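S.K.: Heads up: the sequence shown begins at 89 in the working numbering, then just goes up one per residue.
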Amino acid sequence: MKKLIVSLLLVTLFKVSLAQFTLNPRIAKVSGSCSKFLLEATSQFTKTTNDTPYMWEVIEINIPSGWEFGMCSPFECKSALSVGNTGKFYEEGEFKGDFSPNSISGSGSAKVVISSMTNPAVKDTLTFTANAWAVGMKEIAKNNSDFSYYPNPAKDKLIIKFNVKEPITIHLFNILGTRVKSFVHTGTESEINIADLQNGMYFLRFKEGNQTVSKSFAKTE
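#1: Buried or exposed for Q286, please, with buried defined as at least 16 other CB atoms from any protein chain shown within 10 angstroms of its CB.
#2: What's the C-alpha gap between I256 and S188?
#3: Thinking just about the alpha-carbon of each residue, which of A220, T276, N219 and W221 is nearest to the one in V247?
#4: Go ahead and label W68 buried or exposed: buried means 16 or more other beta carbons lie within 10 angstroms of its beta carbon, across all protein chains shown.
#5: Please classify G196: is it buried, with 16 or more other beta-carbons within 10 angstroms of its beta-carbon, or exposed?
#6: Would Q108 pass as a contact of T140 if the rule is Cβ separation under 7 Å?
#7: Among L126, T266, M289 and F294, whose alpha-carbon lies nearest the alpha-carbon of G175?
#8: Helix, strand or coil for G224, going by three-state DSSP, please let me know.
#9: Under 7 Å between C-beta atoms, does K245 make it to chain B?
#10: So, helix, strand or coil for D244, using DSSP?
#11: Go to Q132, then tell me how far its beta strand (DSSP E) extends in each direction, as first and last residue.
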């Protein structure tokens with residue numbers, strides 16, 4: 089009996105020692121219209137110890153032909169991921185699985201293993217799922233030439249002028265294709281803070297009907 093109790097205590101202590109982070113939820117789900125530029129499934133990564141750094145690795149992607157999968161870790165965002173891609177991070181924060189359905193309806197999923205780099209036995213699998221439904225064709229309410237932004241080059245902030253009836257998500261990518269910011273534009277004008285970005289060329293991208301609109305600007309000191 090004593091041996092059994094000791095064994096149970098050791099198993100419990102072993103499990104506790106490995107429980108150095110949590111994912112909430114472990115299966116992150118999202119659904120929406122296939123006309124959206126991105127469908128984002130979100131999970132919160134929380135450390136239960138001071139162990140650092142961590143790494144992630146994409147182990148599985150099942151998406152319809154024409155879709156793209158990207159992900160934001162608490163450290164950075166990467167687009168067009170494939171199985172075997174990895175990354176490193178140090179802090180707590182959100183993991184976002186980004187599905188780009190590109191106006192193609194269907195369902196997709198991706199699995200990412202997250203592990204401690206100091207203790208590889210400490211790991212867990214985060215699953216992202218997305219369901220994109222088809223919508224009827226509708227006319228584009230405006231030509232994207234109505235979209236304007238200034239100043240260019242920009243130093244601390246960028247002003248977006250674009251009259252929309254429904255909110256749209258605009259993403260900022262650097263010249264390497266890594267997404268560095270996202271924001272929701274509503275009404276006629278938005279202001280985005282870019283003071284934290286490094287100098288260089290960036291691209292604004294958003295979905296307008298069945299079109300992906302891309303505009304460039306320069307960040308300077």
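Note that beta-carbon positions come from the ideal geometry of N, C-alpha and C, so glycine has one too.
None of the values given here were measured: they were computed from a predicted structure.
M.R.: So, from the data block:
#1: exposed
#2: 14 Å
#3: The residue you asked about is not Val; residue 247 is Ile in the sequence shown. When only C-alpha atoms are compared, the closest one is T276.
#4: Any answer about residue 68 is impossible in this case: the structure gives the chain only from 89 up to 309.
#5: buried
#6: no
#7: T266
#8: The predicted model places G224 with a pLDDT of 48, which falls under 50 and marks its position as unreliable, so this point remains unresolved.
#9: Judged by its chain identifiers, the structure shown contains no chain B, having just a single protein chain.
#10: coil
#11: L127 to K135
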